[in-house]
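Each remark here refers to the structure printed beneath this line.
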Ligand code: ASP
Ligand code: MG
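In the UniProt record's numbering, the protein residues as written are 1 to 425.
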């Protein structure tokens, strides 16, 4: 059994859905198709959710935009015969409307998951209907019934044991050899909807593969495979044909966008290979991430993570940055759900980089200021060069203002001023 994951970019319009059909139509093995929300719909649902939760008005327009986007795709895919799929979508819109007509609870994260999940519910409803119309029926599964998590909304943690039982009971392949289901979303034991973190559909595909002992997972993307740099930012990028799990987890942790960082563990644990292939050129091989015996000689890999916040904290009384102070800093980071991208420590200061999140910036800084003197720099990016060469470092950092520099055996990292929108590689 294989798992195919199609992200938002692969189903951003009617042609994308037709292309998905062409790709799955060549499959002869048992298959689970995991689909994300179409195009940029998750962002659109975030706008809707914010308008609803903050009562700022504009829910009507936001919802209209979402409906219009899907209507256009349905219209191109089904023409006159769109009655049934439109009715199915209308049912989802009615459910969504019931939420929007009510008062929001006090938990933003809870409301977020209840609303945002409609992106995936709509996309899978439309894709499933289209496959059926093309004569390739895939059984529709509401993943919220079998991928069970805790109630940590927006970043829920999966109960693997319970999910395994439920998934094995659901994906039996007895009366079908193809299923379609949602990425990114899940459910609790009390039937609440949860999500696994933005861009989490890759993770869903990996979880299902683990729970059901799949042979392989393929993520269909708009890039030809795993590249040594983001082709949207750099010229002369090259494709990396194979990578070990370890290398892949390091890369995604440094901010490589090609796969979600949580994706690797469930696959590594069961030795399931992950293919990254282009939905634009489905005949080409792409890249594979798997257990590798041989040591690979890899070219320098560049990961450019923008929108960073660099902070330096120093205790006000000139005392050392000792464990107690550090644990206080870590607790504050955890409270705001911030992930450290880089840390540097000295006797009386602690510097670190996190993703800049304006919505919590002020309260977060104020809290730190209670105990520390806080210096920060908002306009920075973090450049990682894995498998660096001196030449690569020289070329990438020449003339740049460098705030922090770190080198280990394999990785060089730089926090630099944010002025390299179109750096040349
Ligand atoms: N639709 C979700 C998002 O955009 C999940 C995903 O695409 O993987 O974050
Ligand atoms: Mg998406």
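We put the beta carbon where it would ideally sit given N, CA and C, even for glycine.
Let me make sure I understand the geometry here. Which of the options has the alpha-carbon closest to that of residue i?
i	options	result
residue 159	34, 80, 196	196
residue 48	36, 82, 39, 63	63
residue 311	365, 303, 359, 268	365
residue 495	219, 191, 234	Residue 495 lies beyond the range of the chain shown here (1 to 425); nothing can be said about it.
residue 162	207, 135, 38, 396	207
residue 20	286, 372, 134	134
residue 93	104, 151, 120	120
residue 53	113, 79, 282, 4	113
residue 36	117, 90, 68	117
residue 241	232, 257, 276	276
residue 140	124, 151, 150	124
residue 110	192, 43, 86, 101	192
residue 273	216, 79, 57	216
Would you mind stating whether residue i and residue j have Cβ atoms separated by less than 9 angstroms?
i	j	result
residue 291	residue 351	no
residue 385	residue 259	no
residue 418	residue 379	yes
residue 184	residue 153	no
residue 122	residue 167	no
residue 77	residue 115	no
residue 173	residue 6	no
residue 410	residue 382	no
residue 333	residue 377	no
residue 368	residue 329	yes
residue 147	residue 205	no
residue 73	residue 178	no
residue 251	residue 303	yes
residue 337	residue 155	yes
residue 38	residue 8	yes
residue 313	residue 284	no
Under the rule that 16 or more other beta-carbon atoms within 10 Å means buried, what is residue i, buried or exposed?
i	result
residue 346	exposed
residue 209	buried
residue 407	exposed
residue 424	For residue 424, the predicted model reports a pLDDT of 40, less than 50, meaning its position is unreliable and no value from the coordinates is stated.
residue 262	buried
residue 416	buried
residue 189	exposed
residue 70	buried
residue 318	exposed
residue 26	exposed
residue 29	exposed
residue 182	buried
Would you give the residue range spanned by the alpha helix (DSSP H) that residue i belongs to?
i	result
residue 41	41-54
residue 19	14-25
residue 178	From DSSP, residue 178 is part of no alpha helix (DSSP H) but of the beta strand (DSSP E) over 178-182.
residue 71	59-78
residue 154	That residue, residue 154, is in no alpha helix (DSSP H); it is neither H nor E in DSSP.
residue 192	It is not in any alpha helix (DSSP H) - residue 192 carries neither H nor E in the DSSP assignment.
residue 205	201-211
Along the chain, where does the beta strand (DSSP E) containing residue i start, and where does it finish?
i	result
residue 35	31-35
residue 2	2-6
residue 217	216-221
residue 413	411-417
residue 330	Here residue 330 belongs to no beta strand (DSSP E); instead the alpha helix (DSSP H) covers 323-335.
residue 405	402-407
residue 320	Here residue 320 belongs to no beta strand (DSSP E), and DSSP marks it neither H nor E.
residue 185	185-187
Taking 9 angstroms as the CB-CB cut-off, is residue i touching chain C?
i	result
residue 236	Annotation note: the requested chain C is absent from the structure, which comprises a single protein chain.
Taking only runs that begin and end inside the region 348-384, name each unbroken alpha helix (DSSP H) of 4 or more residues, in chain order.
358-369
What are the complete beta strand (DSSP E) segments, minimum 3 residues, inside the region 245-302?
274-278, 287-289
Under 6 angstroms from any heavy atom of the ligand PLP, by CB: list those residues in chain order, please.
Ligands displayed in this structure: the ligand ASP and the ligand MG; the ligand PLP is not among them.
At which residue ranges does the region 83-141 contain complete beta strand (DSSP E) runs of 3 or more residues, listed in the order of the chain?
139-141
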